[in-house]
Every structure is written in C-alpha cells, then in structure tokens.
Amino acid sequence: MSRNKILFGIGVLAFVSVIVTVRLGGFLVDNEYRQPDRQAAAEEALGQAELTPRQQGIADEQAADEAEARALPYEEAEYRSVPFVGSRVTVWVLAQLHLLFAAFVLAVPLFAFIIEFIGYVKKEERYNKLAYEFTKLLSVSFSMTATFGAFLTFGLIILYPKFTNYLMHIFSPTFLPYVLLFFLEALFLYSYYYGWGKFGPKVHLFLGFMLNIVGTAIMFIANAWLTFMMSPGKREDVDGDGVPDFVSAVSESGALLSLRDAFFNFTWMPINIHRIIANVAFGGSIAAAYAAFRYLRAKTDEEKAHFDWMGYIGNFVAIIAFLPLPFAGYYLASEIYAYSQTMGIQMMGSTFSWLFVIQAALIGNLFLGANYYLWLGMGRIEGTVHFQKFIKWLLIAIALCFAVWATPRYAIASVSEIAAMGGNSHPQLAVLGQMSAKNTAVNILILSTYMSFLLYRRTGRLSLHPQKQLLTRAQAIVFSAAAALVIFFGIYGYQVDAATRVRFAIPQVYSVLAAMAVITIIDLPLYRNARQEGETHWGKMPAISQYALIFIALSFTWLMGLMGYVRSGLRQEWHVYGVVLDTSPDAYTPSLGFATQVVSVTVLIFFGLLGVVFWLSSLGGKKDYEPKSAAELEGGQAA
Amino acid sequence: MDGFNLPLLLALAAVAGALVWRRANTLTWLLFSWGALWAFFKFGFTVPIPQSVATIYLGITTLALVCFASSSRERLEEVTSPIVRLIREPRYRLPLAALLVALPALAAYNVHADMNVPLEAPGFGREVHPAPPTEITVHGETLDMATADNPYIHLHEDDPAAYEEHLENGRRVYYENCFWCHGDGMGGDGMFAHGLNPAPSNFNDGGTLPILQASFVHWRIALGAPGLPAGGTPWDSAMPAWEKFLTTEEMWDVNLFIYDFNGFEPRALGQH
Numbered sequence: 005m006s007r008n009k010i011l012f013g014i015g016v017l018a019f020v021s022v023i024v025t026v027r028l029g030g031f032l033v034d035n036e037y038r039q040p041d042r043q044a045a046a047e048e049a050l051g052q053a054e055l056t057p058r059q060q061g062i063a064d065e066q067a068a069d070e071a072e073a074r075a076l077p078y079e080e081a082e083y084r085s086v087p088f089v090g091s092r093v094t095v096w097v098l099a100q101l102h103l104l105f106a107a108f109v110l111a112v113p114l115f116a117f118i119i120e121f122i123g124y125v126k127k128e129e130r131y132n133k134l135a136y137e138f139t140k141l142l143s144v145s146f147s148m149t150a151t152f153g154a155f156l157t158f159g160l161i162i163l164y165p166k167f168t169n170y171l172m173h174i175f176s177p178t179f180l181p182y183v184l185l186f187f188l189e190a191l192f193l194y195s196y197y198y199g200w201g202k203f204g205p206k207v208h209l210f211l212g213f214m215l216n217i218v219g220t221a222i223m224f225i226a227n228a229w230l231t232f233m234m235s236p237g238k239r240e241d242v243d244g245d246g247v248p249d250f251v252s253a254v255s256e257s258g259a260l261l262s263l264r265d266a267f268f269n270f271t272w273m274p275i276n277i278h279r280i281i282a283n284v285a286f287g288g289s290i291a292a293a294y295a296a297f298r299y300l301r302a303k304t305d306e307e308k309a310h311f312d313w314m315g316y317i318g319n320f321v322a323i324i325a326f327l328p329l330p331f332a333g334y335y336l337a338s339e340i341y342a343y344s345q346t347m348g349i350q351m352m353g354s355t356f357s358w359l360f361v362i363q364a365a366l367i368g369n370l371f372l373g374a375n376y377y378l379w380l381g382m383g384r385i386e387g388t389v390h391f392q393k394f395i396k397w398l399l400i401a402i403a404l405c406f407a408v409w410a411t412p413r414y415a416i417a418s419v420s421e422i423a424a425m426g427g428n429s430h431p432q433l434a435v436l437g438q439m440s441a442k443n444t445a446v447n448i449l450i451l452s453t454y455m456s457f458l459l460y461r462r463t464g465r466l467s468l469h470p471q472k473q474l475l476t477r478a479q480a481i482v483f484s485a486a487a488a489l490v491i492f493f494g495i496y497g498y499q500v501d502a503a504t505r506v507r508f509a510i511p512q513v514y515s516v517l518a519a520m521a522v523i524t525i526i527d528l529p530l531y532r533n534a535r536q537e538g539e540t541h542w543g544k545m546p547a548i549s550q551y552a553l554i555f556i557a558l559s560f561t562w563l564m565g566l567m568g569y570v571r572s573g574l575r576q577e578w579h580v581y582g583v584v585l586d587t588s589p590d591a592y593t594p595s596l597g598f599a600t601q602v603v604s605v606t607v608l609i610f611f612g613l614l615g616v617v618f619w620l621s622s623l624g625g626k627k628d629y630e631p632k633s634a635a636e637l638e639g640g641q642a643a
Numbered sequence: 062m063d064g065f066n067l068p069l070l071l072a073l074a075a076v077a078g079a080l081v082w083r084r085a086n087t088l089t090w091l092l093f094s095w096g097a098l099w100a101f102f103k104f105g106f107t108v109p110i111p112q113s114v115a116t117i118y119l120g121i122t123t124l125a126l127v128c129f130a131s132s133s134r135e136r137l138e139e140v141t142s143p144i145v146r147l148i149r150e151p152r153y154r155l156p157l158a159a160l161l162v163a164l165p166a167l168a169a170y171n172v173h174a175d176m177n178v179p180l181e182a183p184g185f186g187r188e189v190h191p192a193p194p195t196e197i198t199v200h201g202e203t204l205d206m207a208t209a210d211n212p213y214i215h216l217h218e219d220d221p222a223a224y225e226e227h228l229e230n231g232r233r234v235y236y237e238n239c240f241w242c243h244g245d246g247m248g249g250d251g252m253f254a255h256g257l258n259p260a261p262s263n264f265n266d267g268g269t270l271p272i273l274q275a276s277f278v279h280w281r282i283a284l285g286a287p288g289l290p291a292g293g294t295p296w297d298s299a300m301p302a303w304e305k306f307l308t309t310e311e312m313w314d315v316n317l318f319i320y321d322f323n324g325f326e327p328r329a330l331g332q333h
C-alpha cells in the first residue's frame, strides 16, 4: 500500500473518530438520568420537566456567578494581567515591534527622497529606480506600524488603564494633532508611492519632502510622551545662582502645571536627535537586508546587479548614519546623567552597565561587519590589489578597538580570579575599562571605517589631478593628526580629574569629524575626473557578503531593542519618574538575562514579520497569473 | 613590562620572526596569530585575566581572523589551498592522519580540562557606584537627592571665615572617625583597610568624588551600608550609618572637608 493511501486512511479514521465521539457525547447528554416517577413524566408531558442533576448543577453555578457579580461594586481597574506572559512583557514586545516598524517607515522616505533628488540632479534614471525600489517596502510596513500602534494603544488601555488615563490627562491636547499628522502621512506616503512617474519630478519630490516633514513631526510628538515618563520637567536656572534648578511640569500630586514643559522636557531633544540618526542607520540596514534577500534569490545577472547595488547603497546609508550615532548616544547619556544622578549612575555604573558590555560587542560587530562588506566589495572592482595591503592594518586597528570597547571595568570573575586580582578589576586591563579608553576606541573605529570607505571609493580609479601627490599627503597628515589627537586625549585623560576627562570627549569627536570633512573635501576634486582603471562588476559579490548585510541589520535591530530597554528601564519602579509609581506586580526590574531574552524574541518576531513584508513587496515584480491553456492541460494529462 | 610574562612574549616574538624569515603562507600566519593570542590571554599576564574577558578577546580574535581570511577571493584561495592539498595529495597522508587524531584529542582534552576545574563558590559582581534613591531621610529630615546641596557651600563666597570654621570642624570629624579606614591621606588605606573587602573608597581617585553630587556623599556618610538600596545586594560594605553618631552639621562639614582636602568640587546639579 502506498504511503499516500495510508495517510489518507489515517485522516479518514481520525475524521470518523471525531464524528463518532461527538455523536456519542450528544446521545449521552440527551439520554441522561431522570427521576423515574409518574409526577416527573406528567411534568415532562406538560413541558415543565424537572431539571436533571447535571442541568441543575449548571443552573446553580450560573446563579452563584451572577449573585457574586451583583454583590461586587464597580471599581476602576488599575492594572489587568495577561496569563503566562505578563502585562509588562506584552506591552514591552508590542511597543518594540511598533517602534521598529515606525523607525523603518520614518527612515526609508528620508533616504529615498535624497536618492531621488540625486537622480533628479544628475539626470540618472537608475537613482530614480532605486528610490522606487526602497519605497516599495513602505506600503506594507506602514500598515504594520499602524497595526502594532493600535495593538500597543489597546494594550496600554486594557493592561495599564489608570496610567494610560494619566498620560491622557497630560497630553490630550497633543492627540488630535497626532492623528491629523498621521492622516497626512498616509496621504503623502501613498501619493508618493502610487504617484511615482505620474507627477512631474518637482511635484513628486515635494510629496517626498512633505512625507519626511510630517513623519518627523509625528515622531517628535510621540517622543514627548515617552521622554515625559523619564524626565517630567526641565532644568532651568530659576534663582540666577548659576546652578540649574529642577522645574517640574506637574505638581506633587501629578496635576499638569505646564504642557509646554511636559512636552519640551529635559530629554526630549536628545532623544529626537538620537532617534533620527538611529532610524536612518536602522532603515538603511533593513533596506540593505531586503536587497541581500532579493540578491540571494535573484535568477538573472541583471537582477543580481540591481540588488547588489541596492544593498551597497543601503549599507552606505546605514554606515554613514551610524558614524555619528555614538556621539548622539553620548549626548543623550550625558543629558540623562545631568537630569538625574540616580538614573545616570544606574545606567553607566550600576545595574544596567552590564548591558553596555553587550552593546560594545554588538557595535564592534557592526563596525567589523560594515568594513568586511566593503572589503568584499572591492572584489567586484578590477584593480584592487593595490589597496589589499591596507586591509590587514585596518583589521588590526578595528579588532584592537573592538577589544578595548568590550573590556569591562569590573569583570565577571570567579572567587579565585577575584582573589588573584585583588578585586573585580584587573591591574592591567582595568585602564581599558574607563571612559578615556572607550572614547578613544570608538573614535579610532570611526576613522578606520571611514578609511575603508575611502579605499573602496578609490578602488579601480586613478586620479589625474596635477597636485595628486601633495593632496594625498595632506590627507594622510590630516588623518594621522586626528588619530594622534584622539590617542593623546585618551592617554592624557588618565592624568586629569573626571570632570576634565569627560570634557576631553569633545575635542576627540571634533578632531574626527573635522578630519573626515577635510579629507572628503580634498578627495572630491582629487577623484572628480579620475580615470576608470577597472570596471565595476555589480552582481559579482560572494553570497557571504549578503549574509554580512543581513547580520548588520540583525545587529542594528537587536541593539535598538537592547538600548531601548535600558532607556525605559532606567525609570525602574516609576511609570513617570518621581511622579507616578508603578504598583503593579511587574514593578521590579527584571534580570538582565530575562531582558535580553525578551529583546531576542522580539527581534525574531520582527524579522519573521519582515520576511512577510519582503515577500509582499517582491510580489509586484512577479509575472501575472495566467490560466493554463487547454493544450497545456491535455499535455499534462497525457504525461 | 611589569605585569607581563616576558619569556612568553619573547618566545612569541621569536616564532613570529622565524615565520617572517621563512616567508610563511597566510594560513600559517592565521594559525600562529590565533595560537599566539590564545597563549597571551592565557599566560601572558602575571595576574591572570578572568576567563570571561579572555573569552571575549578570543571571540573577537577569531571573528577578525575569519573576516581577514575571507575578505577577498584571492586570500580565501591562499588560506584554503594548503588545506585542500593536505586532504587530497597522497604525500600528506601521514600528517593528515596525525591531524585527524589530534583534532578530536584536542577537543577531548579541552572537555577534560573544563570538567576538572576546582569547585568554588560563585563570585559576586559588586556594584561600585550604587544608584541613590530619589530621596533620603536623615535625622527625620527628608532630602531630595536631585536638588539637595551642602548648606554651607555658599559660605565659601559669602563668609570665608565661617566656611573655614566648617572646614576645621570637618577636619576634626574626619580624623576622629573616618581616617581609621579611609586613611590619613584619604587613599582608602587606613589602618583597618586591610581587613575590609571591598576596600574603603579612595577619595584621591579622580573618578570618585568629582563625579558625585554632594547629596550622594551625604547619603553615603549618613546612612552607610544599612542605607544601601536593596536592588544591588549583596553589598559587603562596612560603612557605618554616621547619622547615629554625628550631627547633621558635622556630616555636611566632613563632606566639605573631604572635597577641599582632595582639591575636588562636587558635581553640580545639571552638570554633564
């Protein structure tokens, strides 16, 4: 007997078993025990049959439940719970998923608009096509964002009704503008997407510009809600003594004093800046992952070339945005510290500081992944041998900086290791765990990555500039001077007090940014009319390069989830820091291990959903369905 | 080179020199780099580095070397061709057989070594800077930790003579009560310090007093170990709750004194 017949037989048997069980149950209920006296028979004949013991039991239970419900007075619920998962984890996951899709939907129009604009200025159709390819991802992602936004709103109303009501009390005037902006975003997004090629280029660019303005405004409003929860007020020197005073936006009982102060609160602008930059980096990496996904599935050379280029541009966007991100993060962290010593210490010196070791590992991986992709990318260009010798030194610099950044100030150690070290810090390695070393490492990482970009840009091109040697030397001097300055301030930081050391981060950052700006300014004329020595073969990348792109996107997503948890977790037992106490059973700070598990599961769900977005977005490029002709059907039957 | 295992470093340098002299291929260099760094992390320091840190470093090393080996088709070819030759060519049968025995043996030894670690109590990660609560109560008075400041700090400008008196009082309080553990020079090396683990705070360290607000230091002085937050236990701190022995004024005075003695200023409110 064939395997299919056996499976069919099992299926039929299972179906029959279910039918028989249901019918048997019905028969037993219909013929259940009744009192065998004449009175019962007479009542039954008159339609007043006495209840069977089972029916009586059910009726009694219903009556008892109803009586209990009537006895209870109506009370406003403070919290409601979710079985197994818990209300906090439910809201946490929903908020994270909403935020990830929202970040993507805000970021993609930003660089799609820039790419379209470049295409318009350079009069090159390929840029226009690329921008459209990016925009194709938006439609489904926008729906996902709205869906998870609704999930999150309902989750908050159902699970945290009292707290949600409080937020409504504070921010109700902002809700209507938010909804109106959301409507406008839908309008601009769909007209931007469906209007591709239907409007003139200027009108279409205007739609893209407005989409970005509206999207950013939406984010700024939402950022006010969440930053209010962290810092419900502002710091201002009220008494003129030069020392900032805390000006609360709400009274001690939580009543609103100033909507303006609640909205433009202390951490609002640092979050806005950090999120805009991070969204672009994240969006670029997800778009690059989409390109990698399509590249790996591509069947023709033309498709491969297109998606290779798209992946390159997506990654380029991600890394360009990623370079200033550590500075924006540093600014945000220092503002949190300035707002509240407790939150600052909690973040960098206490419970949450361990998560920054994981963050260091992820960011190190990101830098390594981004450089690795660029080095592999050199393989698609002829004439790269000259630059290959630099890769070794760049890799050594990146690995060293990665190691310094991942060195914890106080190591996880066994008792014997602690005894040998005389404490939790190692006598030689402890210096690498301090801020001076970390700042130096991240700045050198950024410089090294920029250098990889520069090498990639020059691959296969020969400068014909008459001052080529002089300008190249000038670039080398600027690069070396910036690196030397960064290292000098890093070492000198150990010789000064903490307040001065923290301020050293500023010249370090400025020297790196200035070096990148000066080198770029020199590089533009240097390679403007360069001779193309080798051809670029788009679509000739090894598969591992595409997995590197997916890895980068995964790392970005994980990083966002992790750092988002740190920012939110800093409030600890407060819904609104110092104002509204969390009295739910989830008011405790979860263990770091549990938090990372929740973040990991959220990232997996996000990538699962992203797979659906990618699949739906790629459907447009497929051939239309065509019913088989009669000849094909006959041919099939004959075979 | 104090703190490093110099003979090992010299030996590794000698091997590296020999590889340069023999013009070793890329695969040999990669294997040497990994092995040398493993040896350096394991035996290169006089005080061994914790296993957790060594694992991070080796992970980074492995990742970097894999990236390097596969960063171009030519380099990947350079790395893999000796391996392919080893597997395919009959003249390498003996080394191949030796390798096939050595690899599982190495894995078995690794398992054996991992299983044979001496049993010991787990170590506790200690929070060095506990996060303060939002408010504290000292001698029945509630202080907001974000806004509270030393009530005598303004005397430095307004009434220098009175400020000096408070400093003197702080000096007296310090050398009557604190120096036993924190030391004459405030280096955390007082005569009782050797009996305490973790050691008392070193106030000379530029990474301690200047990054803290005066309210934080007041919290630590007034409530000591019993006042540490429950969230970060176990604390293993021997700091007494000085509110039981000193007046509020004495505690703020000693607060002034330890900053003044070390030439530091407390972190101001809102300072980054």
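Which chain is which? The protein sequence lines are A and B, in order. Okay, so the first sequence: first residue is 5 according to our numbering, each after it adds one. Okay, so the second sequence: first residue is 62 according to our numbering, each after it adds one. Idealized CB from N, CA, C, for every residue including glycine. What you are looking at is a predicted structure, and each value in this text was computed from that prediction instead of being measured.
TODO: Verify whether the separation of the beta carbon atoms of R671(A) and F250(A) is less than 8 Å.
DONE: It is not possible to answer for residue 671(A), since the shown part of chain A is limited to 5 through 643.
Open item on the list: Please list, in chain order, the residues of the stretch 93–124 of chain B that have any C-beta partner in chain A closer than 9 Å.
Closed with: F106, T107, V108, P109, I110, P111, Q112, S113, V114, I117, Y118, G120, I121, T122, L124
TODO: Classify W4(A) as buried or exposed, calling it buried when 16 or more other Cβ atoms lie within 10 Å of its own Cβ.
DONE: What is shown of chain A runs 5 to 643, which leaves residue 4(A) out entirely.
Open item on the list: Could you tell me the alpha carbon to alpha carbon distance between Y294(A) and A72(B), rounded to whole angstroms?
Closed with: Linking Y294(A) to A72(B) through their CA atoms gives a straight-line distance of about 49 Å.
TODO: State buried or exposed for S595(A), treating a residue as buried only when at least 16 other CB atoms are found within 10 Å of its CB.
DONE: exposed
- [ ] Using alpha carbons as the reference points, say which of A130(B), T141(B), P193(B) lies closest to W280(B).
- [x] P193(B)
Task: Cβ-based burial, H310(A) [other Cβ within 10 Å; buried from 16] - done: buried
Open item on the list: I need the DSSP call for G612(A), collapsed to helix, strand or coil.
Closed with: helix
Open item on the list: I'd like to check one pair, A424(A) with P109(B): are the Cβ atoms closer than 8 Å?
Closed with: yes
- [ ] Name, please, each residue of chain B whose Cβ falls closer than 7 Å to the Cβ of P594(A).
- [x] Identification of chain B residues near P594(A) by a Cβ-Cβ cut-off of 7 Å yields none; the smallest Cβ-Cβ distance measures about 12 Å.
Task: Contained beta strand (DSSP E) runs [length at least 3] in the stretch 300–332 of chain B, N- to C-terminal order - done: none
TODO: Give the residues of chain A in contact with E181(B), contact being defined as C-beta atoms less than 9 Å apart.
DONE: S418, V419, S420
TODO: Find the nearest neighbour of Y118(B) within the set I395(A), D312(A), I400(A), judged by alpha-carbon distance.
DONE: I400(A)
- [ ] Could you work out which residues of chain A lie near A174(B), taking near to mean beta carbons separated by less than 9 Å?
- [x] The contacting residues do not exist; A174(B) stays about 15 Å from chain A at best.
Task: Contact set between G78(B) and chain C, taken where Cβ atoms lie within less than 7 Å - done: As a matter of chain content, chain C is missing from the structure shown, whose protein chains are A and B.
- [ ] My understanding is that G538(A) touches K308(A), with C-beta atoms under 8 Å, so please give their C-beta distance in whole angstroms.
- [x] The Cβ separation is near 19 Å, so there is no contact.
Task: Residue burial classification, T453(A) (beta-carbon count within 10 angstroms, cutoff 16) - done: buried
- [ ] Give, in chain order, every unbroken run of the beta strand (DSSP E) that is at least 3 residues long and sits entirely within the stretch 406–448 of chain A.
- [x] none
Task: Member of P248(A), A285(A), S289(A), I281(A) whose CA lies at the smallest distance from the CA of F270(A) - done: P248(A)
Open item on the list: One question on the structure: do A285(A) and N319(A) come within less than 8 Å of each other, judged by their Cβ atoms?
Closed with: no
Open item on the list: Let's see if you can read the secondary structure: which residues bound the alpha helix (DSSP H) around L211(A)?
Closed with: Taken as a continuous stretch (DSSP letters only), the alpha helix (DSSP H) holding L211(A) covers 205–234.
- [ ] Name the two residues that bound the continuous alpha helix (DSSP H) containing F105(A).
- [x] 91–126
TODO: May I have the straight-line CA-CA distance separating V199(B) from F322(B), to the nearest angstrom?
DONE: 25 Å
Task: Proximal residues to A221(A) (C-beta, below 6 Å), its chain only, five neighbours per side dropped - done: L185
TODO: Closer than 6 Å by C-beta to A643(A): which residues in its own chain qualify, once you throw out the five before and the five after it? Chain order, please.
DONE: Only weak support is given to the placement of A643(A): the predicted model assigns it a pLDDT of 47, under 50, and the question is left unresolved by the model.
Task: Alpha-carbon to alpha-carbon, A519(A) and F104(B) - done: 39 Å
TODO: Using a Cβ cut-off of 8 Å, pull out every chain A residue sitting near F318(B), in sequence order please.
DONE: Near F318(B) there are no residues of chain A at all, since even the closest Cβ is about 18 Å away, more than 8 Å.
- [ ] Flag F106(B) as yes when its Cβ comes closer than 7 Å to any non-hydrogen atom of the ligand MG, and as no otherwise.
- [x] The ligand MG is not part of the structure shown, which contains no ligands of any sort.
Open item on the list: Rounded to the nearest angstrom, what separates S298(B) and D250(B) at their Cα positions?
Closed with: In a straight line, the C-alpha of S298(B) is about 15 Å away from that of D250(B).
TODO: To the nearest angstrom, report how far apart H333(B) and L142(A) are at their CA atoms.
DONE: Residue placement at H333(B) is poorly supported in this model, since its pLDDT is 45, which falls under 50; the coordinates still yield a value, given next. Roughly 39 Å between the two C-alpha positions.
TODO: Starting from the beta carbon of M425(A), find every residue of chain B whose beta carbon is closer than 7 Å, and list them in chain order.
DONE: V108
Open item on the list: When you compare the CB of C242(B) with every CB in chain A, is at least one pair closer than 8 Å?
Closed with: no
- [ ] Decide yes or no for the touch test of the stretch 156–170 of chain A against the stretch 104–111 of chain A: beta carbon pairs closer than 8 Å, at least 3 of them.
- [x] no
Open item on the list: Closer than 7 Å between beta carbons: that is the criterion. Which residues of the stretch 201–223 of chain B meet it against chain A?
Closed with: M206, A207, T208
Task: Rounded straight-line distance, which links the Cα of A74(B) to that of G96(B) - done: 13 Å
- [ ] Rounded to whole angstroms, what's the CA-CA distance from S132(B) to A253(A)? Just pull it up for me.
- [x] 55 Å
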